[in-house]
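J.: Sharing a structure here in structure tokens format.
Protein chains: 2
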Amino acid sequence: MSTYEAKLSKDGHVYTKRDGLVGGLNTYAVIQPHRKVRSVDEDSVWEAIVIGAGYAGLVASRDLVKVGKKTLLVEARDRIGGRTWSAEVDGTTYEMGGTWVSHVHGRLFAEMQRYGLQDQVMTTRTEDGGCSYFTLDTGSGTRKFSLQEAAEMTARAWRIFINIDGNEGRGICPLPHSSLGNVRVSFDQIKAVDQLSCRDRIDQIRHLLTADELALIESLVPHCGGGSVESISFLEMIRSQALQGYSPETFEDIWTLYKVRGGQSTLARRIFDDAVKHGLQYAFETPIKSIREKDSMVSLTTVSGKIYRAQRVINTIPIAVLPTISFDPPLSPLRREALEINQVCYLTKIHAEAEGDLRGLRGCTWPGDFLYIYGDGFCAGGRSTRITSFAGDNRGVLDPLKEPERLETALQRFHPMNIKKVVFHDWVSDPYAKAGAAWYPAGFLTKYLAELQKRHGNVLMASADWAHGWRSFIEGAVEQGALAANVVMEELGVLGANPPPGTLAKI
Amino acid sequence: MSTYEAKLSKDGHVYTKRDGLVGGLNTYAVIQPHRKVRSVDEDSVWEAIVIGAGYAGLVASRDLVKVGKKTLLVEARDRIGGRTWSAEVDGTTYEMGGTWVSHVHGRLFAEMQRYGLQDQVMTTRTEDGGCSYFTLDTGSGTRKFSLQEAAEMTARAWRIFINIDGNEGRGICPLPHSSLGNVRVSFDQIKAVDQLSCRDRIDQIRHLLTADELALIESLVPHCGGGSVESISFLEMIRSQALQGYSPETFEDIWTLYKVRGGQSTLARRIFDDAVKHGLQYAFETPIKSIREKDSMVSLTTVSGKIYRAQRVINTIPIAVLPTISFDPPLSPLRREALEINQVCYLTKIHAEAEGDLRGLRGCTWPGDFLYIYGDGFCAGGRSTRITSFAGDNRGVLDPLKEPERLETALQRFHPMNIKKVVFHDWVSDPYAKAGAAWYPAGFLTKYLAELQKRHGNVLMASADWAHGWRSFIEGAVEQGALAANVVMEELGVLGANPPPGTLAKI
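Heads up: the protein sequence lines correspond to chains A and B, in order.
No gaps in the numbering here: position 280 of the first sequence is 280 in the UniProt record's numbering, and each next residue is one more.
No gaps in the numbering here: position 370 of the second sequence is 370 in the UniProt record's numbering, and each next residue is one more.
Now the structure itself:
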């Protein structure tokens, strides 16, 4: 049980046959009242304004107020967490976006240790229960495998796919936090690999795979990177391989096994509440329309026309949403080119509550509806199963916003089931996300990543979308928020434990 | 080139035939003047006193002053870094203790990112150069292998050694930061494994190994854990395996490959200088003899009789040295029992400068002198090689303090060589270390670890010696320092960006 009270957010949807599609879900992430700004500070110049209350913004805000920087957090939504939040529906917690944690995500794990949550984890999938098998349905027939058979086939296919350097990625990506060039591999070597899409790579190794292995890698890659095998850079798969320890055996444990027991929003709340305790002021439901810098002062104009001013701004707006913000002076041509190309992740994570025990269910129906589905433990009460599914790029394929009732048919290709409800967040139609976690096409990173990471005058750009290491992960957001906050501290100065100015003379 | 000036520390020794054994080495870690305490604060009650300027103490101090806590750092030595420091000798940097870094050490890597050092790394061993082979000399004959042969034999032996659960440690230690019990493995399961010494485990698998593989595992285990195979708990080897990603292939990269280009002391200096900039006051060459708490106030008495008082103390004194400190009230019987048993790491790291190119040299002469040696790149000038060697428990075997000239004979068992100088820090005879990194005997952790981690009234105990995750690593020190500082902040309160008390009424 959480000590927080779940309140209704505008975000997320639930579908039931009885009530149809209903927008808005309860979550610990909603902040009410939505605004806390002291009247004396309202029109003052803030030391820092942080745009966005996802993990990057939360960590940056918390770090800044703790050292005494007068900070305003502005957020378009009614809740914290950005692309990571958990909904509470009839006693069951659903992770609507970013989910997984591990000690290998060092900064995120440090946050969990800081707030005493390091052991408050649970495993995402459970192997016991009924229907413990893997369905592979490629449109040209359905096969069922044991979970172990499927894991072994997937591991073999992945090893062949990733092994472009004869050393399972160690040669090309020995240092995944400096994946575009480092003490061991030159930028030029990496640039050559960055020209490959995952499709290019699959074409190189296709003859080494069985038809089933090929089908598995064709669904695994877009499940990881959210786009299509054509649109995702192979280099990003190598970086993932490196971050996961170069081994399919540890891959799942590090990437997709553990989640926060009370839901991600209970961790986000701890960071937010810590920040508020230390003086953070905030305005939710406050989308920004423009950012202007003149004479070193940054002015933000909200959609409703209110202006906030600050010495420094930490902007955590995702790459897909940045083009909706007007910048003066304008963003560099190179950055605008990058925004124009954009990231490629358009998968949709959809939860279903299915009657009975389907905890062991796994599989994919791809090409088709689902890149991957898995049983994710019982729902509250223990008589129904939470099934988590990942629809491929939903723009025109399986769109739960348009045809939520189709989900039942789609899931029944795995096993006969009776679905009680469907719970999801459609990130693609969400105006403050417009896409999922950021993954990029071939050639993008070596050309644009450094530019995306650059500051724009006194606007620091901090997002998991262009993190150094765990790009597109919660960990990457924490990295970016912490580093940006540190730059602000360095530039504005922190009094710390020094005597306040003027007091030395009095001693 | 470092921007710091290397100054002479009392720590470390250099031996040359011409000058014999000389104590004291130059390092960026020396802090001069050794004391900075404002006269008004001298006899005041500090909010926090941090004992020890190793990584735990540096991080705790930096974090505390940055949020405005009036903090005094007291350190027995004339330098920062504790059991991790780098010496500068004739233009060459020697790592005298803790050395290696990796992005998998999440908190340490975050420090490197914070100070812009994430790409300022170099690899410890180089494979090129002359003498690229591995010597295995067990006293009953010498064999030479290619580096790859030796790596493969070692990996095979390690896999068999570690595989007690049929899953290479994943079963017993899925969550190495909660290695004594977690959501997947019960404390009782772990307690059973904790009864095994590494000798017990070797006896179980001895029949599966060749004589050479057995010799390699018999030297690898004490090289990792610093004691003997009899004295080191097998459970700690499983934790190491888990932290390294369960794979001998990633083991070296994570554990022993990358070091800070300018030496560890350049990283430690950045943390220290950052703390000083934010108001840290400090007293080096100030060993403590007693810690007393009365009416919630903690008093420290230095060896020279000076008393410092604080609301909270963060004590980072290593386990082997803690018994030299008098506590009032006394430490708990259980903790005293743990201190009595103590840790087991008594290996000695010894560097030699050898003429010519011996960069590829590797090997071990064990049982005997060396658990492991490796060529570690050229010394300044490029005409001699830095050879790093690890002598087993040196109390009576190879003791460079007593017989430094014997080192040349011992190293010549690997290859004919002419040694120009020997550089080392004898941690065992060092009164402020008394041992190396902390590794423990069978049965110790499940009985004492939780007790060692406990606070003693208002004295928080923060040391890598009892860290949760990377126990005995720099990463563990950073973990402990950060967590302890956070407890102090929580308990004493941090004003942060809140209006100073009394100002609200004036608005």
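Using N, Cα and C, we set each Cβ at its ideal position, and we do this for glycine too.
All values reported here derive from a predicted model rather than from experimental measurement.
How about glutamate 88 of chain A and leucine 25 of chain A: do their beta carbons lie closer than 9 Å?
T.: Indexing the first sequence from 1 puts residue 88 of chain A at position 88. Indexing the first sequence from 1 puts residue 25 of chain A at position 25. Yes. Within cutoff.
J.: Under three-state DSSP, which class holds tyrosine 346 of chain B?
T.: In the second sequence, counting from the first residue as 1, residue 346 of chain B sits at position 346. The answer is coil: DSSP assigns tyrosine 346 of chain B none of H, G, I, E or B.
J.: Answer with yes or no whether the minimum CB distance from phenylalanine 378 of chain A to chain B is below 9 Å.
T.: Taking the first residue of the first sequence as 1, we reach residue 378 of chain A at position 378. Phenylalanine 378 of chain A does not count as touching chain B.
J.: How would you label aspartate 78 of chain A, buried or exposed, when you count the other beta carbons within 10 angstroms and need 16 or more for buried?
T.: If you number the first sequence from 1, residue 78 of chain A lands on position 78. So aspartate 78 of chain A ends up on the buried side.
J.: In its own chain, which residues sit with a C-beta less than 8 Å from the C-beta of residue 576 of chain B, not counting the 5 before and 5 after it?
T.: Nothing can be reported for residue 576 of chain B: it is not among the residues displayed for chain B, which extend from 1 to 507.
J.: When DSSP labels each residue in this structure, what does leucine 339 of chain A get in the three-state scheme?
T.: Start at 1 with the first residue of the first sequence, and residue 339 of chain A comes out as number 339. Helix.
J.: Taking arginine 206 of chain B as the reference, which of B/Asp165, B/Arg35, B/Phe251, B/Ala157 has the closest Cα?
T.: In the second sequence, residue 206 of chain B corresponds to position 206, counting from 1. Nearest option by C-alpha distance: B/Ala157.
J.: Tell me, please, whether the region 269-287 of chain A touches the region 67-74 of chain A by the rule of three or more beta-carbon pairs shorter than 8 Å.
T.: Because the criterion of three Cβ pairs below 8 Å is met, the region 269-287 of chain A and the region 67-74 of chain A touch.
J.: Under 9 Å, Cβ to Cβ, is there at least one residue of chain A near serine 175 of chain B?
T.: Counting from 1 along the second sequence, the entry for residue 175 of chain B is found at position 175. In the sequence as displayed, the identity of residue 175 of chain B is leucine instead of serine. So, interface residue.
J.: At a CB-CB cut-off below 7 Å, which residues of chain A make contact with lysine 69 of chain B?
T.: Taking the second sequence and counting its residues from 1, the one referred to as residue 69 of chain B is at position 69. Those within 7 Å of lysine 69 of chain B in chain A are Ala497.
J.: Arginine 383 of chain A CB to nearest chain B CB: under 9 Å?
T.: As a working mapping, residue 383 of chain A is identified with position 383 in the first sequence. Answer no: the Cβ-Cβ gap between arginine 383 of chain A and chain B never drops below 9 Å.
J.: According to the Cβ coordinates, are threonine 348 of chain B and tryptophan 255 of chain B closer than 9 Å?
T.: For the purposes of this step, residue 348 of chain B is taken as the residue at position 348 of the second sequence. For the purposes of this step, residue 255 of chain B is taken as the residue at position 255 of the second sequence. Cβ distance not < 9 Å, so threonine 348 of chain B and tryptophan 255 of chain B don't count as in contact.
J.: So for histidine 415 of chain B, helix, strand or coil by DSSP?
T.: For the purposes of this step, residue 415 of chain B is identified with residue 415 of the second sequence, where counting begins at 1. Of the three classes helix, strand and coil, the one that applies to histidine 415 of chain B here is coil, per DSSP.
J.: Can you give me the Cβ contacts of glycine 54 of chain A inside the same chain, cut-off strictly under 7 Å, excluding the 5 residues immediately before and after it?
T.: Here residue 54 of chain A corresponds to residue number 54 of the first sequence, with the count starting at 1. Here the set comprises Gly81, Gly82, Arg83, Thr84, Thr316, Ala477.
J.: Can you pull the chain A neighbours of aspartate 460 of chain B, defined as C-beta to C-beta under 7 Å?
T.: Within the second sequence, the letter at position 460 stands for residue 460 of chain B. Reading off the sequence, residue 460 of chain B comes out as leucine, not aspartate. Ordered by position in chain A, no residue passes the 7 Å Cβ test against leucine 460 of chain B, which lies about 14 Å from the chain.
J.: Compute the distance between the beta-carbons of glutamine 480 of chain B and alanine 462 of chain B, then report whether it is under 9 Å.
T.: Walking along the second sequence from the start, residue 480 of chain B turns up at place 480. Walking along the second sequence from the start, residue 462 of chain B turns up at place 462. Going by C-beta atoms, glutamine 480 of chain B is nearer than 9 Å to alanine 462 of chain B.
J.: What first and last residue would you give for the alpha helix (DSSP H) that runs through tryptophan 158 of chain A?
T.: Residue 158 of chain A sits at position 158 when you count from the first residue of the first sequence. Run containing tryptophan 158 of chain A: 147-162, per the alpha helix (DSSP H) assignment.
J.: Closer than 8 Å, Cβ to any Cβ of chain B: which residues of the region 92-111 of chain A, in chain order?
T.: Listed by position, the residues of the region 92-111 of chain A near chain B (Cβ gap below 8 Å) are His103, Val104, His105, Gly106, Arg107, Phe109, Ala110.
J.: So, are the CB atoms of alanine 435 of chain B and alanine 320 of chain B less than 9 Å apart?
T.: What you label residue 435 of chain B is simply residue 435 of the second sequence in a count that begins at 1. What you label residue 320 of chain B is simply residue 320 of the second sequence in a count that begins at 1. In this structure, alanine 320 of chain B lies closer than 9 Å to alanine 435 of chain B by Cβ.
J.: So, do the region 166-173 of chain B and the region 239-255 of chain B have three or more beta carbon pairs nearer to each other than 8 Å?
T.: Yes, the region 166-173 of chain B is in contact with the region 239-255 of chain B.
J.: Which whole-angstrom value is the C-beta distance of glutamate 47 of chain B and lysine 69 of chain B, which I expect to be below 8 Å?
T.: Locating residue 47 of chain B in the second sequence gives position 47, where the first residue counts as 1. Locating residue 69 of chain B in the second sequence gives position 69, where the first residue counts as 1. At roughly 4 Å, the Cβ-Cβ gap stays under 8 Å, so glutamate 47 of chain B and lysine 69 of chain B are in contact.
J.: Can you grab the Cα-Cα spacing for the pair valine 459 of chain B / alanine 275 of chain B, in whole Å?
T.: If you number the second sequence from 1, residue 459 of chain B lands on position 459. If you number the second sequence from 1, residue 275 of chain B lands on position 275. Answer to the nearest angstrom: the Cα atoms are 21 Å apart.
J.: Restricting to runs no shorter than 4 residues, where is the alpha helix (DSSP H) found entirely within the region 182-257 of chain B?
T.: Runs found: 187-194, 198-205, 211-225, 234-243, 248-255.
J.: What are the start and end residues of each continuous beta strand (DSSP E) run of 3 or more residues lying completely inside the region 359-404 of chain A, in chain order?
T.: As far as the region 359-404 of chain A is concerned, its whole beta strand (DSSP E) runs of at least 3 residues are 362-365, 370-378, 384-391.
J.: Does DSSP put aspartate 63 of chain B in a helix, in a strand, or in coil?
T.: As a working note, residue 63 of chain B is residue 63 in the second sequence. It is helical.
J.: If you run the structure through DSSP and keep just helix, strand and coil, what is alanine 87 of chain B?
T.: Reading the second sequence from its first residue, position 87 is the one you call residue 87 of chain B. Correct three-state label for alanine 87 of chain B: strand.
J.: Under a three-way DSSP split, which group does serine 102 of chain A fall into?
T.: What you label residue 102 of chain A is simply residue 102 of the first sequence in a count that begins at 1. Coil.
J.: Verify whether the separation of the beta carbon atoms of glycine 20 of chain A and proline 404 of chain A is less than 9 Å.
T.: The residue you call residue 20 of chain A lines up with position 20 of the first sequence. The residue you call residue 404 of chain A lines up with position 404 of the first sequence. Yes, the Cβ-Cβ distance between glycine 20 of chain A and proline 404 of chain A is below 9 Å.
J.: Could you please give the first and the last residue of the uninterrupted alpha helix (DSSP H) stretch that includes glutamine 120 of chain A?
T.: As a working note, residue 120 of chain A is residue 120 in the first sequence. Run containing glutamine 120 of chain A: none; DSSP gives neither H nor E here.
J.: When burial is assigned at 16 or more other CB atoms within 10 Å of the CB, is phenylalanine 473 of chain A buried or exposed?
T.: Indexing the first sequence from 1 puts residue 473 of chain A at position 473. Looking at its Cβ environment, which holds 16 or more other Cβ atoms inside 10 Å, phenylalanine 473 of chain A is buried.
J.: DSSP on histidine 351 of chain A, reduced to helix/strand/coil?
T.: Residue 351 of chain A sits at position 351 when you count from the first residue of the first sequence. Histidine 351 of chain A falls in the strand class under three-state DSSP.
J.: Mapping DSSP to helix, strand and coil, what is valine 50 of chain B?
T.: Position 50 of the second sequence holds residue 50 of chain B. In this structure, valine 50 of chain B counts as strand in the three-state DSSP scheme.
J.: Beta-carbon within less than 6 Å of aspartate 328 of chain A's beta-carbon, same chain only, minus the 5 sequence neighbours each way: which residues are those?
T.: Position 328 of the first sequence, counting from 1, holds the residue named residue 328 of chain A. Arg292.
J.: Tell me the rounded alpha-carbon separation between serine 86 of chain B and serine 231 of chain A.
T.: Your numbering for residue 86 of chain B matches position 86 in the second sequence. Your numbering for residue 231 of chain A matches position 231 in the first sequence. Their backbone Cα atoms lie some 47 Å apart in a straight line.
J.: Verify the CB distance criterion: does glutamine 412 of chain A have a CB-CB separation below 9 Å to chain B?
T.: Counting from 1 along the first sequence, the entry for residue 412 of chain A is found at position 412. No, because no Cβ of chain B sits closer than 9 Å to the Cβ of glutamine 412 of chain A.
J.: Going by beta-carbon coordinates alone, are leucine 58 of chain A and phenylalanine 272 of chain A separated by less than 9 Å?
T.: As a position in the first sequence, residue 58 of chain A is number 58, starting the count at 1. As a position in the first sequence, residue 272 of chain A is number 272, starting the count at 1. Yes; because the gap between Cβ atoms is below 9 Å, this pair is in contact.
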